[in-house]
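Asker: Could you have a look at this structure, given as structure tokens, before my questions?
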Amino acid sequence: MRSRATFTSSLGVGYLMVCTESYPSVLAFCFLDELQKEFLVTYDAKRINSAMLEPVTLPGVLSCMLSLLCGGLNLLRGVHAIESMLQCYLFAYFSIWRSSKSFLALGLICLCSVYLYELRNGWQVLFHVTVGASMTLQIWLQQPLGKAPDYNV
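According to our numbering, the sequence shown holds residues 9 to 161 in order.
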């Protein structure tokens with residue numbers, strides 16, 4: 009049994025249906041049209057537009073994993089972890105003042121590292137500050153996608 013993928017997009021949202029090859033194309037597109045109408049009625053356009061960020065890159069995923077590692081290490085030691093978690097949140101979700109919040113989180117990481125300098129060696133401080141700076145750079149580079157024109161095709 010072979011399958012066929014039917015795809016349509018509108019207003020920056022894509023809809024995909026996988027069906028058997030014997031299923032009529034007209035019915036597949038009718039289903040996708042109904043799905044699109046239901047989606048637009050259910051979800052607010054503002055929420056849809058705010059959800060579109062650039063695709064995640066490998067350095068972004070690595071920075072996020074290292075930031076979570078730093079947060080976990082800090083949590084185990086009983087000290088600050090919130091700024092690492094905040095950076096991961098800002099990386100994954102779009103918010104207003106996103107870049108400013110990420111630079112604020114980097115500043116908090118630096119301040120906490122200076123405060124805890126006596127409890128850590130230089131390599132640990134360098135590691136935490138570098139991971140924070142890398143995460144801030146990834147947040148700054150990941151911008152919302154521009155809306156492509158809808159030609160009703």
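Beta carbons: idealized from backbone N, C-alpha and C, even for Gly.
Buried or exposed: N214, going by 16 or more other Cβ atoms within 10 Å of its Cβ?
Answerer: As displayed, the chain neither begins before 9 nor continues past 161, which places residue 214 out of reach and without an answer.
Asker: Kindly indicate the opening and closing residues of the beta strand (DSSP E) around R12.
Answerer: 11–18
Asker: Going by DSSP in three states, L24 sits in which element: helix, strand or coil?
Answerer: Strand, per DSSP.
Asker: Which whole-angstrom value describes the C-beta separation of M143 and C72, a residue pair presumed to lie in contact below a C-beta threshold of 8 Å?
Answerer: 7 Å
Asker: Exposed or buried, which one is E91 when buried takes at least 16 other CB atoms within 10 Å?
Answerer: buried
Asker: Measuring only the C-alpha atoms, how far is K45 from S17?
Answerer: 12 Å
Asker: If I'm right that L40 touches Y23 with Cβ under 8 Å, what's the distance once you round it to whole angstroms?
Answerer: 5 Å
Asker: Would you list, in sequence order, the uninterrupted alpha helix (DSSP H) runs of no fewer than 4 residues that lie entirely inside the stretch 78–153?
Answerer: 90–100, 106–123, 130–149
Asker: To the nearest angstrom, how far is it from the Cα of E126 to the Cα of L119?
Answerer: 13 Å
Asker: Spatial neighbours of I147 within its chain, please: CB distance less than 7 Å, with the 5 preceding and 5 following residues excluded, ordered by chain position.
Answerer: Q95, L98, F99, R106, S107, S110
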